[in-house]
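Here the structure comes first, spelled out in structure tokens, and everything after it is commentary.
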Amino acid sequence: MSLLQKERDVITRNEYADTFDFAEIENFIANAPKELFITHHFKKRDRLLVQPRGGFPTYKKMFELYETFMGADIDVLPLTVDSNTRLNDYAMAQKMLRLSEENEMDMLNGYPLVNHGYRTTRKMITHFNKPVSLRHGTPDARLLVETALASGIFEIEGGPITYMLPYSKNFPLDKAFLYWKYVDKVCALYSKLNEPINRESFGPLTATLVPPCIVIVIQLIEMLLSLEEGVKSFSVSFSQNGSMMQDIVTSNVLKKLAREYADTFGSQDAIINLVYHQWMGAFPRNKELSDQLINTNTVIAAMVRADKIIIKTRDEAFGIPTMQCNAQSVANTKYTLRTLKGLPVMSDAEEEENLELEVRALMDAVMNDPADTLWRKVFNTIKSGLIDVPFSPHIINHNAVITIRDDQGNIRIIDKGKLPLPERCFAYEKSKVNLPESKTEVINKIIHDIGAML
Amino acid sequence: MSLLQKERDVITRNEYADTFDFAEIENFIANAPKELFITHHFKKRDRLLVQPRGGFPTYKKMFELYETFMGADIDVLPLTVDSNTRLNDYAMAQKMLRLSEENEMDMLNGYPLVNHGYRTTRKMITHFNKPVSLRHGTPDARLLVETALASGIFEIEGGPITYMLPYSKNFPLDKAFLYWKYVDKVCALYSKLNEPINRESFGPLTATLVPPCIVIVIQLIEMLLSLEEGVKSFSVSFSQNGSMMQDIVTSNVLKKLAREYADTFGSQDAIINLVYHQWMGAFPRNKELSDQLINTNTVIAAMVRADKIIIKTRDEAFGIPTMQCNAQSVANTKYTLRTLKGLPVMSDAEEEENLELEVRALMDAVMNDPADTLWRKVFNTIKSGLIDVPFSPHIINHNAVITIRDDQGNIRIIDKGKLPLPERCFAYEKSKVNLPESKTEVINKIIHDIGAML
Amino acid sequence: MKVVTGVVGNDIHVVANRLIDISLQARGFEVFNLGVNTSLEEFIDAVVETDADILLISSLNGEAEGWCRDLQFLRSEYNLREDVIFVIGGNLAVGEANQDDIIPKYRSYGFDLVFHQVDLNTGLDELERYVKERA
Amino acid sequence: MKVVTGVVGNDIHVVANRLIDISLQARGFEVFNLGVNTSLEEFIDAVVETDADILLISSLNGEAEGWCRDLQFLRSEYNLREDVIFVIGGNLAVGEANQDDIIPKYRSYGFDLVFHQVDLNTGLDELERYVKERA
Ligand code: B12
Ligand code: B12
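Protein chains in written order, with the working numbering: chain A, 1 to 454; chain B, 455 to 908; chain C, 909 to 1043; chain D, 1044 to 1178.
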């Protein structure tokens, strides 16, 4: 028995989880219908795939949610897990699942996948026969991902950085790298049986004034880490920046460099997809206006030529959306994508050059770290603040980078902390903003910029 | 007494109209607050002005409509008149106004301005102190416009072509030119008293597969006809084409040529504005989807850098919208414009070159007509089919031009009728579409293209 | 069969009218299309003149009600053939209205078939069925 | 006055928490910010340790109810000062809920002030008023 398989046996032996029958699972995946694989749909690539978010505590309500989505001609079903599962607190998840089942009231903000187990969940997924994407935010997702793959969920979101820095306070970062290495290995293994499993990174991060250069660097790193383990299909992603131009520039640079780095690191055969997230920051507390924001994002997603769009709902500011509302969002988005035609190809040479320079400088800093493996290089870079995510709750993150919006809504870096940005780039960033004199005014401007869509 | 004044006395002496006191009216206009003039707001030009459509039969309901609009932070109030008034059928308008007042039920699809008269209407307009735009569709608008200006409505939409070919079956075209000359003269006269009166052309025409070159030529002609009479502020306009790229190209060429022709004809001092109409064709019979279409149009209006946007409502496919629904549309649009930032400047050199060539060829055909005045040249050109508006109900219109959409949603000319298009341009148009073989299939494709947004 | 069609009143919405013309012809009717902006009298005149079997009126802009109240009156005044089928369709009220209010109302004005916000082909299918049943 | 604050449960929404920190300091409070992902025990511990006057809990992700039911129990177990003010705010239910259901419920759990989907500054203004009234 291989070392990995031993580890897998240990991981999956958990009092809250199903007992795993790996032979049966392999057999299931090898014979699973192509329809369940998002990679199969990406191959056709004839239109932007639409995916909402969504998870309810009970099996019954989750099933209803899927039924409702199917009525809206959905492309990709989501399975969003609750926040206890995200932090491996299966005991709390179990308690709240029971309460939800007994009281017809949702006591969890997602579907506790581990507690439900793969045998049960697989029934639902094969019933609907649509690709399902796992949305979580879990630093240690090993058991969760084993359960997901065994259930027929063949797209796994997350990564050691994007599911750590925004989602955890003090989970050890080095462990996260090793745990995600495990996830990638398992995905790569199963990818050999049928269509490849798709891995997706979570570009929005904290969704709070994160500058594009940091988003892109983290996307490239998580992509390289996955490809290193043998993953053959990977989606990089980002969310609306707040400036249409910055979205376009981000998309152009991200696409170009993702392909370039993948090739340079020997993964010419890997497929790279682009995912666009509708506005991930604070939504207006007005459903009509939220609808406008959502539709504007759909237009931009088409303009940046994404392969998949992950959508929001008019209930965003209020709480977990009802299923009807969520399905309506899917229908709305599909309508706009169907009728919106004649999209111009756009670029902004100056902005793109600047962003590319920034990303290359940060990537060089990572690669020049003396450590022996890529993940250790990255670990060191984050620890020393060379990569730094604004508004991360995590203790390891430096929180020294300060960003603000310019007149055109572009996120600009006004304090670069320890980011190894070329002088010229930093000067460019600063030249775009007129900073207020007093510190209080700067803080007020930042608060205002966080609420850009209110 | 001048000849014009004699004519004015005759026109305004009508059994359904107020008795006109011209001295008082001049005095009112000379002293009217700047706020009432849209030209004053255009001057500031710091943001896109938002204007809905709207008109109800009774004074009471019209007043309520304005109140509701004010609550949505509106920029320009509309006054849309009913279809009887449009065709000078004041008797029918009067009858239906009475029925509406007696039965609390709307028996008219707009506000019968002539029947209400300027003394009454002015009270409402000065009360709200916002610029008002007159929306009608009247070939002979002389009495209507006199009433409007006397009421404090300082923007007049329409023109001899744009309010004829889409809006009338057999009103004599030559008369329309003369009647609109009258309108332009009166507007020019009043423009000397205070801020200028703004004239606006109606670019959407029949809103049914009209190719951009025809829209632009007609915009340029109506602009030149108004400037000729001394108008100093003019808005050219067009509506969503169905392809974002074609909208951008249309805007770029229209802006460029409008300025160029205005200057060449000696009106360097005239201000030219650009107005964008949200989708003017058939709306989906689904309010949620209509909302998406409306918002998409707001995004495009910002991208084409219009000075004013004229909006639709989610009730479009169902009937005259309720006031709440109309005001919600205003609020939605203002939100999107407020939060949408960082708009890239776009162009498509090849498309723009082609469109410009087409427009210049058509304009040359007009100018080369041997008649002595511009309006007679235009009259001849329309009569001989050198200008031809698809789906016009008017008998003089040739209806020989046939258009269809290409894969990108662009409207392309597949039969040029008598349009004097350069061979090269027509070849370009045709090269973009794969025409079905059979005639029935072509007709089905056209029906399908009319319903592009359903 | 002969059909007189057109758009009633001061209504100039022509697009549906063009499509109706094409569809009726494709269905084998002999079509007399008066186009937009046609008064009720003109319609009745044309029915008499062409000895039509069907009068098919469109209205889109909300004016229909103002014009069609006089239908019964004109019908008797012009002394029309008893079996002429009267059809109206399009958007039959100002503002949003529902079928359940609209249909009985227009029936009482003398229309045999009433289509408020009904798709063209659905309506014409029903018309053909109705013609067959009556025969 | 001393305030202990943070985000309860497995909740990692940090943005409001950062702003609360800034606002409380600007209003002259001495702030002990435990950050996100903090259990109820940790909060009570910190109140005891710092001898705080106010415990101000945030919850955004819908978990609040699962955690806060035990407040009364912990309060007596830790033998807290009688006059500590208990405040909770943010988004206090999974899914949409209205204030009229939420406020009495959290009051019964032992909170003095409950702010469901209330703007930060509105809430802190009310807290200051409450503090003055009690003094
Ligand atoms: C940004 C964001 C994220 C980021 C967070 C990054 C980070 N580390 O901070 C990311 C993407 C990582 C994220 C993740 C998740 N999120 Co989230 N997120 C948001 C979002 C869009 C904005 C939050 C924000 O930063 N707002 C700006 C700040 C300044 O405002 P605020 O947090 O709303 O706080 C205001 C008030 O509540 C008030 N306030 C807060 N505390 C207190 C206390 C007092 C005393 C007072 C008076 C006032 C007060 O003051 C603030 C200013 O007015 C909201 C939706 C929204 N509001 O638009 C969802 C939202 C909060 N998230 C939600 C959920 C469920 C999650 C997830 C669990 C995923 C899931 N199942 O869908 C995960 C997991 C997180 C976890 N373990 O807890 C839900 C909560 C659902 C519910 N309550 O029913 C929301 C409402 C979205 C939704 N509609 O589903 N999220
Ligand atoms: C294009 C358009 C215009 C163009 C018309 C160009 C032209 N000459 O044809 C322009 C811009 C000029 C215009 C002007 C006006 N319009 Co207009 N217009 C429209 C719009 C957007 C689309 C109409 C269209 O062409 N649809 C495509 C065709 C194929 O479909 P259709 O006409 O809806 O017809 C379908 C069915 O009704 C059915 N049908 C029609 N007749 C019949 C008959 C039978 C027997 C059957 C079975 C079926 C049937 O078949 C068709 C296909 O399914 C509609 C709103 C909408 N529907 O989205 C408003 C609309 C019809 N217009 C309206 C109005 C009021 C006007 C104006 C009076 C302006 C005003 N006050 O707002 C003016 C003046 C016109 C006048 N004198 O009548 C209103 C009518 C309001 C109401 N009923 O309550 C509408 C609904 C817009 C609105 N919500 O306010 N308009």
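The beta carbon of each residue, even a glycine, is placed where N, CA and C say it ideally should be.
Nearer than 8 Å: is that true of the beta carbon of residue i relative to any heavy atom of ligand 1?
{"i": "Leu97 (chain A)", "result": "no"}
{"i": "His1056 (chain D)", "result": "yes"}
{"i": "Ile1131 (chain D)", "result": "yes"}
{"i": "Glu288 (chain A)", "result": "no"}
{"i": "Gln782 (chain B)", "result": "no"}
Tell me, to the nearest whole angstrom, how far the beta carbon of residue i is from that of residue j; I am working on the premise that it is less than 8 Å.
{"i": "Thr662 (chain B)", "j": "Val955 (chain C)", "result": "With 8 Å as the limit, Thr662 (chain B) and Val955 (chain C) do not qualify as a contact, their Cβ atoms being about 29 Å apart."}
{"i": "Ile868 (chain B)", "j": "Val887 (chain B)", "result": "6 Å"}
{"i": "Ala331 (chain A)", "j": "Glu742 (chain B)", "result": "7 Å"}
{"i": "Ile764 (chain B)", "j": "Arg507 (chain B)", "result": "7 Å"}
First and last residue of the beta strand (DSSP E) that includes residue i?
{"i": "Glu938 (chain C)", "result": "Glu938 to Asn941"}
{"i": "Gln51 (chain A)", "result": "Leu49 to Gln51"}
{"i": "Thr913 (chain C)", "result": "Lys910 to Val915"}
{"i": "Ile1100 (chain D)", "result": "Ile1097 to Ser1102"}
{"i": "Ile411 (chain A)", "result": "Ile411 to Asp415"}
{"i": "Glu155 (chain A)", "result": "Glu155 to Glu157"}
{"i": "Thr80 (chain A)", "result": "Leu77 to Thr80"}
{"i": "Val813 (chain B)", "result": "Run containing Val813 (chain B): none in the beta strand (DSSP E); it sits in the alpha helix (DSSP H), Ala803 to Met821."}
{"i": "Ser1066 (chain D)", "result": "No beta strand (DSSP E) contains Ser1066 (chain D), which is instead part of the alpha helix (DSSP H) from Val1058 to Ala1069."}
{"i": "Leu828 (chain B)", "result": "From DSSP, Leu828 (chain B) is part of no beta strand (DSSP E) but of the alpha helix (DSSP H) over Leu828 to Lys837."}
What does residue i touch in chain D if you count any residue whose Cβ is under 8 Å from its own?
{"i": "Asn109 (chain A)", "result": "Asn1104, Gly1105, Glu1106 and Val1137"}
At which residues does the alpha helix (DSSP H) containing residue i begin and terminate?
{"i": "Gln673 (chain B)", "result": "Pro666 to Glu682"}
{"i": "Glu102 (chain A)", "result": "Tyr90 to Asn103"}
{"i": "Leu597 (chain B)", "result": "Arg596 to Ser605"}
{"i": "Tyr335 (chain A)", "result": "Met323 to Thr339"}
{"i": "Phe688 (chain B)", "result": "Counting along the chain, Phe688 (chain B) falls outside any alpha helix (DSSP H), though it belongs to the beta strand (DSSP E) covering Ser687 to Ser693."}
{"i": "Phe28 (chain A)", "result": "Phe22 to Ala30"}
{"i": "Leu747 (chain B)", "result": "Lys741 to Met757"}
Taking 8 Å as the cut-off, is the CB of residue i close to at least one heavy atom of ligand 2?
{"i": "Arg935 (chain C)", "result": "no"}
{"i": "Phe940 (chain C)", "result": "no"}
{"i": "Asp842 (chain B)", "result": "no"}
{"i": "Tyr530 (chain A)", "result": "Residue 530 (chain A) cannot be examined here, being either before or after the span of chain A that is shown, 1 to 454."}
{"i": "Phe772 (chain B)", "result": "yes"}
Give me the chain C residues within the contact set of residue i, using Cβ-Cβ distance strictly less than 7 Å, ordered along the chain.
{"i": "Tyr621 (chain B)", "result": "Ile920"}
{"i": "Asp543 (chain B)", "result": "Asn918"}
Can you name the residues of chain B whose CB is closer than 7 Å to the CB of residue i?
{"i": "Pro344 (chain A)", "result": "Met698, Met699, Ile702, Met800 and Asp802"}
{"i": "Gln51 (chain A)", "result": "Near Gln51 (chain A) there are no residues of chain B at all, since even the closest Cβ is about 18 Å away, more than 7 Å."}
Can you pull the chain A residues whose beta carbon is under 8 Å from the beta carbon of residue i, in chain order?
{"i": "Val1079 (chain D)", "result": "Lys169 and Pro393"}
{"i": "Ile1065 (chain D)", "result": "Ile443"}
Since residue i meets chain A, which of its residues come closer than 9 Å, beta carbon to beta carbon?
{"i": "Asp745 (chain B)", "result": "Glu288, Asp291, Gln292, Asn295 and Asn332"}
{"i": "Gly1109 (chain D)", "result": "Asn84, Met92, Lys95, Met96, Leu99, Met107 and Leu108"}
Name the chain C residues that come within less than 9 Å of residue i, Cβ to Cβ?
{"i": "Met734 (chain B)", "result": "Under the 9 Å cutoff, chain C gives no residues; its nearest Cβ is about 12 Å from Met734 (chain B)."}
{"i": "Ile672 (chain B)", "result": "Correct list: empty, because the minimum Cβ distance to chain C is about 17 Å."}
Quick one: list the residues of chain A neighbouring residue i, beta-carbon separation under 7 Å, in chain order.
{"i": "Val1058 (chain D)", "result": "Thr208, Phe391 and Ile450"}
{"i": "Leu1062 (chain D)", "result": "Ile447"}
Cβ closer than 8 Å: which chain C residues qualify as neighbours of residue i?
{"i": "Gly773 (chain B)", "result": "Gly970, Asn999, Ala1001, Val1002, Gly1003, Glu1004 and Ala1005"}
Mind pulling the chain B residues with CB within less than 9 Å of residue i?
{"i": "Gly409 (chain A)", "result": "Thr793, Leu794, Lys795 and Gly796"}
Using a C-beta to C-beta distance shorter than 7 Å, which residues of chain D count as neighbours of residue i?
{"i": "Asp315 (chain A)", "result": "Glu1139"}
Worksheet entry | Every unbroken alpha helix (DSSP H) within the region 615 to 670 of chain B, with a cutoff of 4 residues, ordered by chain | For the region 615 to 670 of chain B, the full-length alpha helix (DSSP H) segments reaching 4 residues or more read 627 to 645 along the chain.
Discussion item. I'd like the ranges of any beta strand (DSSP E) spanning at least 3 consecutive residues and lying wholly in the region 972 to 1016 of chain C.
Written reply: The beta strand (DSSP E) runs lying completely inside the region 972 to 1016 of chain C and spanning 3 residues or more are 993 to 998, given in chain order.
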